[in-house]
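Heads up: the sequence lines are chains W and L, in that order.
Residue numbering for the first sequence follows the working numbering, beginning at 456 and increasing consecutively.
Residue numbering for the second sequence follows the working numbering, beginning at 47 and increasing consecutively.
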Amino acid sequence: MKRLVIISGLLSGMFVTLVFLLNNPVSSAGLSGAAGKNAYYWNVLEFAGNNFSPAGLLGLRGDNGGSSLGAEEVALANASILLLQDSSGQPVAIATRLSSVSKGGDIFSGNVGTETYTNIFWPNRGSVFMQGYENRWPLIRDDLLSVFGPSEDAEYAVSAAANDRADTGIVGGSGQLVGVGGSYSETLRPDPDKPGHYAGMISLITPTE
Amino acid sequence: MDGLLRAGNSLLIRFFLASFAAGVLLTLLAARFYPVPEPEKVYSLASALANGGREEVYIIRLPDDRLGNPRAASTAPYPQQAFSATGTERVLAELFRVRNREGEIVGLASRMNGKAPDDLGMQEAVTDWMLLIPGRGALMMSRGTVEAGGEREFFVDRMGFSFANSGPIISGTGDFEGLSGFYQEETEIEKVDANGQAFGSVKLSTRMKSAAP
């Protein structure tokens, strides 16, 4: 009887804490993912490397769900080419993106993320460089909770302040966008056409617009 | 008998509360010290420059290090109104693995090439590079209609690089944060096979120094 009480107390404590951690009130505050004036919808044209599956981000599975890049040094990174469309679905720009798992991931504070570097090129206009941080904890949480049923039409605001408080945002550009600055935010949603991958919406806020 | 039962229940409640607290504590500790995977630190093979800066060289072997379509990388699907396979609207995007001077894979890179207007509205070729070294940081670099040291194009000192194939480092993070400098791209194509596959290498040299005066 005593053992049963101790085990049930232990399990209850663990369960309650797990629920608390999954809905962590002190989790890193994300940046607003609302669609602004310069909002683009993107999907992946090409992808190589670790696809940052929730289980992979926690190191729970040997298989990262992506493709190997052939070296341990880049095992926690990926590269992709994105097509950006405007709100009417018209392709307007192409982008490359390089991402790597960030240092300092911490389940306790609900912050497990990736560093993301994006280069968008608008034909005949110019390009911008952006550096950002994505907190993937909401995706991990939903993946863990999916044992109770899949979450439909999930959309995640992932842009957040970096762990080391490094600068994020638009850091420069070319052509008509020379010297541009500003910020951006991003939301992700599972891409129905490419299982295991995400599509998204990126909203750019520049001082001139 | 009643008293004994009550004392027993009280003891069980205490056991439950103590083990509940232990469960909370254990889970919090596990969450705090859970080893979330992170990239290994890749050490730089930098050379010191006479002017106090440093040079790092990265190599891309073609076609081995090209990611994705090995022929011409990926462009937007055609035909689309916004893009064209040729002319000024053509934008080429490529992804690569990157090696250090010793040939070890240390990172990833992307290259974008297209046209953008200069000060006078003339379309000029622009080449953007991003270089990511997991565990160290990233570099964003560009040449064409970009600013170099506050002036467009005609920047005299490129830390020894040729004006023809070099451009400024736009931004850096991690180990590259707070550094300014230039990069140079040198492509050597040894042969192109019957399928149009290029064999050779791309050498990206970076020269950086502290941006602080």
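Backbone N, C-alpha and C fix where the C-beta goes; we use that ideal spot for every residue, glycine too.
Burial state of residue i, where buried means 16 or more other Cβ atoms lie within 10 Å
i, result
"S93 of chain L", "exposed"
"R112 of chain L", "buried"
"N241 of chain L", "exposed"
"M176 of chain L", "buried"
"E197 of chain L", "The predicted model places E197 of chain L with a pLDDT of 48, which falls under 50 and marks its position as unreliable; any figure quoted below should be read in that light. E197 of chain L is exposed by the Cβ-count criterion."
"S65 of chain L", "buried"
"P593 of chain W", "buried"
"G98 of chain L", "exposed"
"F584 of chain W", "buried"
"D611 of chain W", "The sequence shown places Tyr at residue 611 of chain W, not Asp. Buried."
"S120 of chain L", "Because S120 of chain L sits at a pLDDT of 40, beneath the cut-off of 50, its placement in the model cannot be relied upon, and the following sentence gives the value as read from the coordinates. Buried, because 16 or more other Cβ atoms sit within 10 Å of the Cβ of S120 of chain L."
"P662 of chain W", "exposed"
"F200 of chain L", "With a pLDDT of only 48 at F200 of chain L, under 50, the local geometry of the prediction cannot be trusted, and the value read off the model is given with reservation. Classification for F200 of chain L: exposed."
"Q127 of chain L", "Interpretation of Q127 of chain L is limited by its pLDDT of 45, a score under 50 that renders its predicted location unreliable; the figure taken from the coordinates is listed afterwards. With fewer than 16 Cβ atoms within 10 Å of its Cβ, Q127 of chain L is classed as exposed."
"M456 of chain W", "exposed"
"Y124 of chain L", "The predicted model places Y124 of chain L with a pLDDT of 42, which falls under 50 and marks its position as unreliable, so this point remains unresolved."
"P645 of chain W", "buried"
"A122 of chain L", "Interpretation of A122 of chain L is limited by its pLDDT of 49, a score under 50 that renders its predicted location unreliable; no figure is taken from the coordinates."
"R117 of chain L", "Per-residue confidence for R117 of chain L stands at a pLDDT of 35, beneath the threshold of 50, marking its modelled position as unreliable; the derived number appears in the next sentence. The residue in question, R117 of chain L, is exposed, as its Cβ has fewer than 16 Cβ neighbours within 10 Å."
"N566 of chain W", "buried"
"F265 of chain L", "Only positions 47 to 259 of chain L appear in this structure, which leaves residue 265 of chain L out of reach."
Where residue i meets chain L, residues with beta-carbon distance less than 7 Å
i, result
"D598 of chain W", "Ordered by position in chain L, no residue passes the 7 Å Cβ test against D598 of chain W, which lies about 15 Å from the chain."
"G705 of chain W", "There is simply no residue 705 of chain W to check, as chain W begins at 456 and stops at 664 in what is shown."
"T569 of chain W", "Those do not exist, as T569 of chain W stays about 10 Å from chain L at its closest Cβ, beyond 7 Å."
Neighbouring residues, chain W, relative to residue i (Cβ below 7 Å)
i, result
"Q89 of chain L", "As written in the sequence, residue 89 of chain L is Tyr, which differs from the Gln given in the question. The premise fails here: Y89 of chain L is roughly 10 Å from chain W at the closest Cβ pair, so nothing lies under 7 Å."
"I106 of chain L", "Simply none; closest approach about 12 Å."
"A77 of chain L", "L476, I562 and F563"
"L95 of chain L", "Within 7 Å Cβ-Cβ: nothing; L95 of chain L doesn't reach chain W, min ~24 Å."
Proximal residues of chain W, C-beta to C-beta of residue i below 8 Å
i, result
"M186 of chain L", "Y572, N574, F584, Q586, V626 and G627"
Residue i: contacting residues in chain L (beta-carbon distance under 8 Å)
i, result
"G560 of chain W", "V82, P83 and E84"
"G514 of chain W", "P81, V82 and P83"
"V460 of chain W", "L58, F61, F62 and S65"
"A616 of chain W", "Those within 8 Å of A616 of chain W in chain L number zero; the least Cβ separation is about 14 Å."
"M469 of chain W", "G69, V70, L72 and T73"
Listed by chain order, chain L residues near residue i by CB distance under 9 Å
i, result
"N407 of chain W", "No answer is possible for residue 407 of chain W: the residues shown for chain W start at 456 and end at 664."
"K457 of chain W", "L57, L58 and F61"
"E528 of chain W", "P85, E86, V88, E150, I151, V152, G153, I179, P180 and G181"
"G464 of chain W", "F61, F62, L63, A64, S65, F66, A67, A68 and G69"
"V556 of chain W", "V82, P83, E84, P85 and P180"
- Message: Can you confirm whether the segment 133-149 of chain L touches the segment 230-241 of chain L when touching is taken to mean that 3 or more C-beta pairs between the two stretches lie within less than 8 Å?
- Response: Here the segment 230-241 of chain L makes no contact with the segment 133-149 of chain L; the two share fewer than three CB pairs at distances below 8 Å.
- Going along the segment 492-505 of chain W in order, which residues come within less than 9 Å of chain L, judged by CB to CB distance? L500, E501, F502, A503 and G504
- Item | the segment 137-163 of chain L: positions lying closer than 7 Å to chain W by Cβ | V137, A139, L141, R143, I151, V152, G153, L154, S156, M158, G160, K161, A162 and P163
- Specify whether the segment 203-216 of chain L and the segment 145-154 of chain L touch according to this definition: at least 3 beta carbon pairs, one from each stretch, less than 8 Å apart. no
- Query: Is it a yes or a no for the segment 52-72 of chain L touching the segment 462-471 of chain W, going by three-plus beta-carbon pairs under 8 Å?
  - Reply: yes
- Query: Looking at C-beta atoms only, is the number of pairs between the segment 655-663 of chain W and the segment 490-500 of chain W that lie closer than 8 Å three or more?
  - Reply: yes
- Message: Quick check on the DSSP output: what are the complete beta strand (DSSP E) runs of length 3 or more inside the segment 499-555 of chain W, in order along the chain?
- Response: Runs of the beta strand (DSSP E) lying entirely within the segment 499-555 of chain W and spanning at least 3 residues, in chain order: 532-540.
- Message: For the structure I just gave you, are there three or more beta carbon pairs, one from the segment 170-188 of chain L and one from the segment 216-230 of chain L, closer than 8 Å?
- Response: As far as the Cβ criterion goes, the segment 170-188 of chain L touches the segment 216-230 of chain L, which means the pair count is three or higher.
- Task: Please list the segments of the beta strand (DSSP E) lying wholly inside the segment 161-228 of chain L, counting only runs of 3 or more residues, in order along the chain.
- Result: 169-179, 183-189 and 212-218
- Task: Quick one: which residues of the segment 239-258 of chain L get their C-beta closer than 7 Å to a C-beta of chain W? List them in chain order.
- Result: Within the segment 239-258 of chain L, no residue qualifies.
- Query: In the segment 531-544 of chain W, which residues sit with their C-beta less than 7 Å from some C-beta in chain L, listed in chain order?
  - Reply: L531, A532, A534, I536 and L538
- Task: Only counting runs of 3 or more residues, tell me where the beta strand (DSSP E) segments fall wholly within the segment 47-118 of chain L, in order along the chain.
- Result: Segments of the beta strand (DSSP E) lying fully in the segment 47-118 of chain L: 100-108.
- Report yes or no: do the segment 544-561 of chain W and the segment 574-581 of chain W share at least 3 C-beta pairs separated by less than 8 Å? Inter-segment contact for the segment 544-561 of chain W and the segment 574-581 of chain W is present: three or more beta-carbon pairs are separated by less than 8 Å.
- Query: Does the segment 470-480 of chain W touch the segment 620-630 of chain W, meaning 3 or more C-beta pairs lie closer than 8 Å?
  - Reply: no
- Is the segment 552-563 of chain W touching the segment 83-91 of chain L in the sense that three or more CB pairs, one from each, lie closer than 8 Å? yes
- Could you run through the segment 202-220 of chain L and flag, in chain order, every residue whose CB is less than 7 Å away from some CB of chain W? I216, S217 and T219
- Would you call the segment 501-517 of chain W and the segment 528-540 of chain W in contact, with 3 or more CB pairs under 8 Å? yes
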